[in-house]
Amino acid sequence: MRKFTKNTKCLSVIAILLILLLLQGCVGRKAGKPVVDPDDGSQQHITVTDYFGREVTISKPVNRIACGYAYTGHVVTMLGRANDIVAVVNGLQRDKVLTAKYPHIKDLPVPFSSGAVNMEELLLTKPDLVFLRETAALNESVVAKLDQLNIPYIVIEFSSIEEQLESISTIGKAIGVEEKANKYIDYYKKVMEDTEKVSSLIPEDERITLYHSVNEAVRTDVENSLAADWIKLTAGINVSIGDELKTSGEKSFATLEQIYLWDPDIIIANESGVPDYMLSNEQWAGLRAVKEKRVYQIPNGVSRWGHPGSLETPLAILWTSKLLYPQYFEHVDLEEETKKYYEDFFDIILDDEEVGEILKGEGMREPKTNK
215 MRKFTKNTKC LSVIAILLIL LLLQGCVGRK AGKPVVDPDD GSQQHITVTD
265 YFGREVTISK PVNRIACGYA YTGHVVTMLG RANDIVAVVN GLQRDKVLTA
315 KYPHIKDLPV PFSSGAVNME ELLLTKPDLV FLRETAALNE SVVAKLDQLN
365 IPYIVIEFSS IEEQLESIST IGKAIGVEEK ANKYIDYYKK VMEDTEKVSS
415 LIPEDERITL YHSVNEAVRT DVENSLAADW IKLTAGINVS IGDELKTSGE
465 KSFATLEQIY LWDPDIIIAN ESGVPDYMLS NEQWAGLRAV KEKRVYQIPN
515 GVSRWGHPGS LETPLAILWT SKLLYPQYFE HVDLEEETKK YYEDFFDIIL
565 DDEEVGEILK GEGMREPKTN K
């Protein structure tokens, strides 16, 4: 009888230990999905939400990335994954600072062009992930083929600072470098906060009116756009905001008559050659900014600072703030900020001459081709 009791007690102890071990395992799985560091490689899949609100599930690792939007190529490069890009748009190959550091980009296939996609050429690159602009993603034949072949695609688009920050986060998460993306986002937000602390103190009667030329002399900004956001942070008065403009697709145009009515204190232009055109063309000669030769070329680094599809918005904020209000932004050393930015985020070491070329902004992009 005692022997039976003794054995029963031993079995009971063993059973209790087994139950405890099982319970411990269950507790670890209680939340459903395992909680892991997204960058530690232990997850087999990751899910992100794109611009269309689509939840996209991506198999890890993502080793071959197709960038159907130049901006996504800039972000992927900034996040340290330039060598994994397998397809690009032509615009990415025109950026001299970028291709000097990463020359292989100039030799990559270009299956994307103006919203169209050469699917045969794209598929030859065997992408694990494709980044598309909204225009390409609205092409039913393109997305149907990608869906048919189970190639995940993420739609990236933005028209505000908030949406741009979200796009950087989405790309970082999708390619497994979320921590690096967050580092850039933190820098971006700090530039915004530091600028606004100063610009908010500038009296209304000292604020400068500004006309922003985008690519073409009369193309400019509309309300609820990225440029409207970053120029507002600098305390510049963007003269085109709130006025009626002619639109063509995603582009907005003023007339020369409107620009004369606005008669801005300063003109900034992001396309090389446009300031020279304005300063030498008789049609523009009567504008105050032209008379006073206050027409400026916006710098151009990896991309054109402040462009609707530029990653370098923080640098555009710093440059414009110092241009408009040098007395309030004496503490901003643009040369040092520029050097530090490209070293920290693109691993590009610049000397003084190269920084000068970027800040001058002229001839920093290759001419357009039919490629």
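Using my numbering, the first residue of the sequence shown is number 215, and each one after it goes up by one. Positions of the beta carbon are idealized from the N, C-alpha and C atoms, including for glycine.
Task: Sufficient close CB pairs (3 or more, under 8 Å) joining the region 464-482 to the region 417-428 - done: yes
- [ ] Give a yes or no on contact between the region 544-551 and the region 459-469, applying the rule of three or more CB pairs nearer than 8 Å.
- [x] no
TODO: Starting from the Cα of R508, find the closest Cα among G520, D419, D490 and give me that residue.
DONE: Here residue 508 refers to the residue found at position 294 when the sequence shown is read from its first residue. Nearest C-alpha to R508: D490.
- [ ] For the alpha helix (DSSP H) holding V504, just list the boundary residues, first then last.
- [x] Locating residue 504 in the sequence shown gives position 290, where the first residue counts as 1. It spans 502-505 - the alpha helix (DSSP H) in which V504 sits, taken as one unbroken run.
Open item on the list: Output needed for L322: all residues of its chain with C-beta closer than 7 Å, excluding positions within five of it in sequence on either side, in chain order.
Closed with: As a working mapping, residue 322 is identified with position 108 in the sequence shown. Contacts found: I299, V300, A301, V302.
- [ ] Please determine, among D435, A350, D558, G305, the residue with the shortest C-alpha to C-alpha distance to S374.
- [x] In the sequence shown, counting from the first residue as 1, residue 374 sits at position 160. Residue D435 is the option with its Cα nearest to S374.
Open item on the list: Using CA atoms only, rank isn't needed, just tell me which of W476, L440, V344, K446 is closest to D457.
Closed with: Position 243 of the sequence shown holds residue 457. The shortest C-alpha separation from D457 is found at W476.
Task: Rounded Cβ spacing between V488 and A431 (contact assumed at less than 8 Å) - done: Taking the sequence shown and counting its residues from 1, one reaches residue 488 at position 274. Taking the sequence shown and counting its residues from 1, one reaches residue 431 at position 217. So it is a contact: roughly 6 Å between Cβ atoms.
Open item on the list: If contact is defined by three or more beta carbon pairs under 8 Å, each pair taking one atom from either stretch, is the region 332-349 in contact with the region 271-281?
Closed with: With a cut-off of 8 Å on Cβ pairs, the region 271-281 is in contact with the region 332-349, counting three or more such pairs.
- [ ] Give the straight-line distance between the Cα atoms of A442 and N452, rounded to the nearest whole angstrom.
- [x] Translated into the one-based positions of the sequence shown, residue 442 becomes position 228. Translated into the one-based positions of the sequence shown, residue 452 becomes position 238. Approximately 7 Å, taken between the alpha carbons.
Open item on the list: Within a Cβ cutoff of 7 Å, which residues of the same chain sit near V289, ignoring the five residues on either side of it in sequence?
Closed with: By one-based count along the sequence shown, residue 289 stands at place 75. Cβ within range, chain order: I382, I385, L525.
Task: Sub-8 Å separation of N429 and E485 beta-carbons - done: As a first step, residue 429 must be located in the sequence shown, where it is residue number 215. As a first step, residue 485 must be located in the sequence shown, where it is residue number 271. Inclusion of N429 and E485 in the CB contact set at 8 Å is warranted, their separation being smaller than that value.
Task: Distance, T349 Cα to L379 Cα - done: As a working mapping, residue 379 is identified with position 165 in the sequence shown. As a working mapping, residue 349 is identified with position 135 in the sequence shown. Near 20 Å, if we compare the C-alpha coordinates of T349 and L379.
Task: Residue from Y265, S355, R433 with nearest C-alpha to E376 - done: Within the sequence shown, numbered from 1, the residue matching residue 376 stands at position 162. For E376, the nearest C-alpha among the options comes from Y265.
Task: Boundaries of the alpha helix (DSSP H) in which T469 is found, first to last residue - done: Residue 469 sits at position 255 when you count from the first residue of the sequence shown. Run containing T469: none; DSSP gives neither H nor E here.
Task: First and last residue of the uninterrupted alpha helix (DSSP H) at L564 - done: As a first step, residue 564 is located in the sequence shown; it is residue number 350 there, counting from the start. Run containing L564: none; DSSP gives neither H nor E here.
Open item on the list: From the DSSP secondary-structure annotation, give me the bridge partner or partners of D213.
Closed with: The question about residue 213 has no answer here: the residues shown for the chain are numbered 215 through 585.
Open item on the list: So, with DSSP's three-state summary, where would you put H259?
Closed with: What you label residue 259 is simply residue 45 of the sequence shown in a count that begins at 1. Strand, per DSSP.
Open item on the list: Judging by CA-CA distance, which residue of S494, P366, I319, R347 is the nearest neighbour of I272?
Closed with: The residue labelled residue 272 in the question sits at position 58 within the sequence shown. With distances taken between Cα atoms, I272 lies closest to P366.
Open item on the list: Just to check my reading of the structure: V546 and L529 have Cβ atoms closer than 8 Å, yes? What is that Cβ distance to the nearest angstrom?
Closed with: Residue numbering aside, residue 546 sits at position 332 when the sequence shown is read from its first letter. Residue numbering aside, residue 529 sits at position 315 when the sequence shown is read from its first letter. No, V546 and L529 are not in contact; Cβ-Cβ is about 11 Å, not under 8 Å.
TODO: May I ask you to list the residues that DSSP assigns as paired with I368?
DONE: Reading the sequence shown from its first residue, position 154 is the one you call residue 368. According to DSSP, I368 bridges with F345.
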